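Chains as they are written, first to last, in our numbering: chain A, 1 to 141; chain B, 1 to 192.
This report concerns only the one structure given below.
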Amino acid sequence: MKNLFYFTVLSFLFSPITYGHHAFTAEFDANAPINITGKVVKVEWINPHAWVHVEVKEGSKATVWMVEGGTPNTLIRNGLTKNSIKPGTVINVRGYQSKGKLCLPRCIANGRDITFPDGRKVFMGSSGTGAPRDGSDPRER
Amino acid sequence: MFDFVVWLSETKWSIALHESLYLYPWIESTHVLSICLFFGTLLFVDLRLTGKVFNNLSVADMNRKVLPLTLFGFLVMSVTGLLLFYAIPVRNYQNIFFRIKILLIVIAGINAFFFHRRMSNEAKVWDKDSSIPNSMKNSAITSLVLWSSVIISGRMIAYNWFDCDRQPQPKWINTLTSCEVDYSLFEGIDGF
């Protein structure tokens, strides 16, 4: 009985903490939605998160936004390939800015959806990360 | 070292791995499952050596039966771990949690070396006297604490709080992550 007690205590002590990969609230601010339009300057098609770099121009000032997306696998399932967001493509991105907002050297955001010049809208995030339920995820209920 | 990881990141297989649709998640899942096997088996041997549980089992027998599983877990864990590093070399190299993890693995490895040397020499004596030396109990607890910390820091690699492309960071953080930053960008920002 005593052994069982020790075993239970230790099992709890060493049980892994369970939360989704890279929870939304750890890095991004749900109260800082962004809606940016600009030219794609770089696409990092990498696991576990792809990054789309978008250059936003305001007058003569250009800011680069690094927008986090889902895994290459999720993006392809949603209809987004490496070739459909080639550098030079103008896109509109909705998402949420990171908690740090100094934009040094670039602004960082979590992307929700991308709208192409022809009006096509694609969900670029991952489901179940704890991001706000803003309707951009078609699988969200 | 930095030039080496940059070169690694530009190799064909590194790109294929981080762009892959299935291979990367498979390797990542296998890494986690092999950690379960490695840590899960090591846990029981370490607990036995604390003298608190399973005292009716022979340390020598337990070690002989469980060690091959632990080693198999370690092998798969190491191979998948290296592949995960190889897929994203630059970011991992500059990740503070990755560096902490490697440091902890080295310390845990040294502890494991002495632990197992004593185990193979003395386990039969401990069984006969049904007592375990205190230094061995401490080594078992050290092993549990260190390997748990390795797992926790490994989990933290996913977070980019201290990443090089996320500035401004305190200078000591950038030093620890070998991140070269133009601090003139931060002029006028509080705390810099």
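No residue lacks a Cβ here, since even glycine has one placed at the ideal position from N, Cα and C.
Small disclaimer: the values here were computed from a predicted structure and weren't measured.
For B/V145, which residues in the same chain have their Cβ closer than 6 Å to its Cβ, ignoring the five residues on either side in sequence?
The count along the second sequence starts at 1 and reaches residue 145 of chain B at position 145. So the list is empty, once near-sequence residues are dropped.
I'd like the list of long-range same chain contacts for B/T50, defined as Cβ closer than 6 Å, with 5 residues on each side in sequence excluded. Residue 50 of chain B sits at position 50 when you count from the first residue of the second sequence. Result list for B/T50: K137 and A140, in chain order.
inquiry  = Just checking: is the beta-carbon of A/I46 within a distance shorter than 8 Å of some beta-carbon in chain B?
reply    = Position 46 of the first sequence holds residue 46 of chain A. At least one CB atom of chain B sits nearer than 8 Å to the CB of A/I46.
Practice problem: Could you name the residues of the same chain whose beta carbon sits closer than 6 Å to that of B/I173, not counting the 5 residues immediately before and after it, in chain order? | Solution: Taking the first residue of the second sequence as position 1, residue 173 of chain B is located at position 173. So the list reads F162, once near-sequence residues are dropped.
- Query: Per DSSP, B/L194 forms a beta bridge with which residues?
  - Reply: Look at the range of chain B in this structure, 1 to 192, and you will see that residue 194 of chain B is not part of it.
**For A/V93, the residue or residues it bridges with in DSSP** = Taking the first residue of the first sequence as 1, we reach residue 93 of chain A at position 93. A/I36 and A/I114.
query: Quick one: does A/A26 have its CB under 8 Å from some CB of chain B?
result: The sequence position of residue 26 of chain A within the first sequence is 26, counting from 1. At a cut-off of 8 Å, the C-beta of A/A26 has a neighbouring C-beta in chain B.
Problem - contact_flag[the stretch 80-94 of chain B, the stretch 19-38 of chain B] where n(CB pairs < 8 Å) is 3 or more - result: Taking a cut-off of 8 Å on C-beta distances, the stretch 80-94 of chain B touches the stretch 19-38 of chain B, as three or more cross pairs fall below it.
*In terms of residue numbering, what span does the alpha helix (DSSP H) encompassing B/H116 cover?*
Working through the second sequence from its first residue, we reach residue 116 of chain B at position 116. Looking at the DSSP string, the run of the alpha helix (DSSP H) that includes B/H116 is I96 to D129.
Cβ neighbours of B/K171 in the same chain (closer than 8 Å, five flanking residues each side left out): Position 171 of the second sequence, counting from 1, holds the residue named residue 171 of chain B. Taken in chain order, the residues that qualify are Y183.
Review point. Using a Cβ-Cβ cut-off of 6 Å (strictly less than) and excluding sequence neighbours within five positions of A/F24, which residues of its own chain qualify?
Key: Taking the first sequence and counting its residues from 1, one reaches residue 24 of chain A at position 24. So the list reads T129, G130 and A131, once near-sequence residues are dropped.
* Neighbour list for B/R117 in chain A, Cβ cutoff strictly below 9 Å -> By 1-based counting over the second sequence, the position of residue 117 of chain B is 117. By Cβ distance, chain A contributes nothing, its closest Cβ being about 25 Å from B/R117, past 9 Å.
Q. Hey, is A/G20's beta-carbon within less than 8 Å of any beta-carbon in chain B?
A. In the first sequence, the residue the question calls residue 20 of chain A occupies position 20. Low confidence applies here, because A/G20 scores a pLDDT of 42, under 50, leaving its location unreliable and the question unanswered by this model.
- [ ] Assign A/N47 to one of two classes, buried (16 or more other C-beta atoms within 10 Å of its C-beta) or exposed (fewer than that).
- [x] To locate residue 47 of chain A, count along the first sequence from 1; it is residue 47. By the 10 Å Cβ count, A/N47 comes out buried.
- [ ] Alpha carbon to alpha carbon, how far is B/F72 from A/V54? Give it in angstroms, no decimals.
- [x] What you label residue 54 of chain A is simply residue 54 of the first sequence in a count that begins at 1. What you label residue 72 of chain B is simply residue 72 of the second sequence in a count that begins at 1. Their Cα atoms are separated by approximately 45 Å.
Nearest to A/D137 by CA position, among A/I91, A/N78, A/F116 and A/E44, is which residue?
Counting from 1 along the first sequence, the entry for residue 137 of chain A is found at position 137. Of the candidates A/I91, A/N78, A/F116 and A/E44, the one whose C-alpha sits nearest the C-alpha of A/D137 is A/N78.
Practice problem: Could you tell me the boundaries of the alpha helix (DSSP H) in which A/W45 lies? | Solution: Taking the first sequence and counting its residues from 1, the one referred to as residue 45 of chain A is at position 45. For A/W45, there is no enclosing alpha helix (DSSP H), since its DSSP letter is neither H nor E.
Q) Identify the residues that DSSP records as bridge partners of A/T63: which are they? A) As a first step, residue 63 of chain A is located in the first sequence; it is residue number 63 there, counting from the start. A/V56.
Next item on the list: Assuming B/A123 contacts B/N55 (C-beta within less than 8 Å), just tell me the rounded distance between them.
Entry: Looking up residue 123 of chain B in the second sequence gives position 123. Looking up residue 55 of chain B in the second sequence gives position 55. Going by Cβ atoms, the distance from B/A123 to B/N55 rounds to 14 Å, so no, they are not a contact pair.
Query raised in the report: Looking at C-alpha atoms only, which residue of B/M77, B/L8, B/E10 and B/V59 is the closest neighbour of B/V150?
Result: In the second sequence, the residue the question calls residue 150 of chain B occupies position 150. The candidate whose alpha carbon is nearest that of B/V150 is B/M77.
**OP:** Could you list the residues in the stretch 33-61 of chain A with a C-beta less than 8 Å from some C-beta on chain B, going in chain order?
**Re:** Within the stretch 33-61 of chain A, the qualifying residues are W45, I46, N47 and P48.
Cβ-heavy atom distance, B/A112 to the ligand SAM, below 7 Å = Absence of the ligand SAM from the depicted structure is noted, as is the absence of any ligand whatsoever, leaving it without description.
| field | Cross-chain neighbours of B/I88 in chain A, by beta carbon under 7 Å | value | To locate residue 88 of chain B, count along the second sequence from 1; it is residue 88. Chain A residues near B/I88: I46.
| query | Is A/P49 near A/T81, with beta carbons less than 8 Å apart? | reply | Numbered from its first residue, the first sequence carries residue 49 of chain A at position 49. Numbered from its first residue, the first sequence carries residue 81 of chain A at position 81. The sequence shown places His at residue 49 of chain A, rather than the Pro named in the question. Between A/H49 and A/T81, the gap from beta carbon to beta carbon reaches 8 Å or more.
request  = Following the continuous beta strand (DSSP E) through A/F24, name the residue where it begins and the one where it ends.
outcome  = Reading the first sequence from its first residue, position 24 is the one you call residue 24 of chain A. Element bounds for A/F24: not the beta strand (DSSP E) but the alpha helix (DSSP H), F24 to E27.
Requested in this report: Answer yes if the stretch 24-42 of chain A comes into contact with the stretch 107-119 of chain A, meaning at least three C-beta pairs across the two stretches below 8 Å, and no otherwise.
Outcome: In the pairwise beta carbon analysis, the stretch 107-119 of chain A is classified as touching the stretch 24-42 of chain A: at least three pairs are separated by under 8 Å.
Fill in: Coil, strand or helix - A/T18 by DSSP
Position 18 of the first sequence, counting from 1, holds the residue named residue 18 of chain A. Since pLDDT at A/T18 reaches only 35, below the 50 mark, its modelled position is unreliable, and the value read off the structure follows with that caveat. In this structure, A/T18 counts as coil in the three-state DSSP scheme.
Beta-carbon spacing of A/I76, A/I91 below 8 Å: The count along the first sequence starts at 1 and reaches residue 76 of chain A at position 76. The count along the first sequence starts at 1 and reaches residue 91 of chain A at position 91. For A/I76 and A/I91, no; Cβs fall outside 8 Å.
Exercise for the section: Identify which residue in B/V90, B/N95 and B/G154 has its Cα closest to the Cα of B/S9. Expected result: Residue 9 of chain B sits at position 9 when you count from the first residue of the second sequence. Shortest Cα-Cα distance from B/S9 to any of B/V90, B/N95 and B/G154 involves B/V90.
### Query
Checking contacts by CB at 8 Å: is A/G100 closer than that to chain B?
Taking the first sequence and counting its residues from 1, the one referred to as residue 100 of chain A is at position 100. Cβ-Cβ to chain B under 8 Å: yes for A/G100.
Report task. Mind checking the stretch 64-97 of chain A against chain B and listing, in chain order, the residues whose C-beta falls within less than 8 Å of any C-beta there? Result -> Here the close residues are M66, T71, P72, N73, I76 and K82.
Practice prompt. Tell me, please, whether the CB atom of A/N110 is closer than 8 Å to any CB atom in chain B?
Written response: Your numbering for residue 110 of chain A matches position 110 in the first sequence. No, A/N110 does not count as interfacial toward chain B.
Next item on the list: Could you give the DSSP three-state label for B/L57: helix, strand or coil?
Entry: Counted from its first residue, the second sequence places residue 57 of chain B at position 57. Three-state result, B/L57: coil.
How big is the Cα-Cα spacing for B/F113 and B/K52? Within the second sequence, numbered from 1, the residue matching residue 113 of chain B stands at position 113. Within the second sequence, numbered from 1, the residue matching residue 52 of chain B stands at position 52. So the two alpha carbons sit approximately 23 Å from each other.
Could you give the first and the last residue of the continuous beta strand (DSSP E) run that contains B/F2? As a first step, residue 2 of chain B must be located in the second sequence, where it is residue number 2. Boundaries around B/F2 are those of the alpha helix (DSSP H), F2 to S9, since no beta strand (DSSP E) includes it.
DSSP three-state label for A/V122, please.
Your numbering for residue 122 of chain A matches position 122 in the first sequence. A/V122 carries a strand assignment under DSSP once its states are collapsed to helix, strand and coil.
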